[in-house]
Amino acid sequence: ADEATVLPVERRGALVLALARAAGIGGMVGGQMLDLDAGRNPPDEAGIIRLQAMKTGALIRFACEAGAIVAGAPPEDRERLAEFGSAIGLAFQLADDLLDLTADAHQMGKATGKDAAAGKATLVALHGADWARKQLSGLVGQAHALLDPYGERAALLKEAATFVATRNS
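When you number the sequence shown by my numbering, it's gap-free, plus one each residue, and the end is 212.
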């Protein structure tokens with residue numbers, strides 16, 4: 044390996060630890076367990092948010108935090124980018140659930156209405172499409188605000204946050 048591209052051992056360790064947390068029982072694996080259990084025991088609003096944060100959100104949070112780890116960013120920047128990832132992770136899932144309710148199969152490139160047909164508990168099913176659109180707007184605002192300290196250097200990440208919440212497929 045080229046020494047110029049090898050990360051210091053501390054950063055490699057931090058990446059492995061962050062990924063293990065995101066993928067393990069406190070993250071994606073735990074979220075999948077909650078999702079499987081939700082078929083028998085439908086969650087309330089707090090349970091839905093927890094499930095989504097663990098399942099989808101944990102890996103998106105990790106992906107955003109990983110850039111800060113690789114760059115050797117200070118802890119406050121690492122946490123700020125992780126929080127950005129949490130906001131867009133929730134926005135991604137909310138947008139996905141909204142599209143499942145409102146989009147057609149041609150637009151999505153896959154079957155829609157599956158959540159409702161399966162009786163799946165989602166925030167959109169609980170509160171409705173208008174509520175979801177307002178929440179998406181708020182999550183984008185939150186994500187953008189987290190990046191404001193970085194100025195123009197964060198423009199691409201802000202565009203990504205907007206895209207996640209406003210995509211139509």
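We put the beta carbon where it would ideally sit given N, CA and C, even for glycine. None of these values were measured; they are calculated from a predicted model.
Same chain, Cβ closer than 8 Å to residue i, five either side skipped, listed in chain order
i: Ala192; result: Ala is not the amino acid found at residue 192; the sequence shown has Pro there. Within the same chain, Pro192 has close Cβ partners Arg123.
i: Ser212; result: Leu142, Ala146, Gln150, Met151 and Gly152
i: Leu62; result: Phe105 and Ala109
Cβ-based neighbour list, residue i, same chain, cut-off 6 Å, excluding 5 preceding and 5 following
i: Ala186; result: Phe127, Ala130, Ile131 and Ala204
i: Pro85; result: Ala164
i: Ala197; result: Leu190
Identity of the residue in the options nearest residue i by Cα
i: Val59; options: Val207, Pro118, Gly162 and Val113; result: Val113
i: Glu53; options: Arg83, Ala116 and Glu88; result: Ala116
i: Gly74; options: Ala61, Leu137 and Ile91; result: Ile91
i: Gly184; options: Ala134, Glu46 and Val167; result: Ala134
i: Gln136; options: Leu182, Asp80, Arg64 and Asp173; result: Leu182
Beta-carbon contacts of residue i that lie in its chain and below 7 Å, excluding the five residues immediately before and after
i: Arg121; result: Glu108, Ala111 and Ile112
i: Arg210; result: Ala138
Beta-carbon separation (whole angstroms), residue i vs residue j, contact threshold 8 Å
i: Leu144; j: Glu88; result: Wrong, their Cβ atoms sit about 17 Å apart, outside the cutoff.
i: Ala172; j: Asp158; result: Actually they are not in contact, since the Cβ atoms of Ala172 and Asp158 sit about 13 Å apart, beyond 8 Å.
**Prompt:** Curious, which full-length alpha helix (DSSP H) runs of at least 4 residues does the stretch 63 to 151 contain?
**Reply:** 71 to 81, 88 to 95, 101 to 114, 118 to 145 and 148 to 151
**Message:** Which runs of the beta strand (DSSP E) at least 3 residues long sit entirely within the stretch 153 to 195? Give them in chain order.
**Reply:** none
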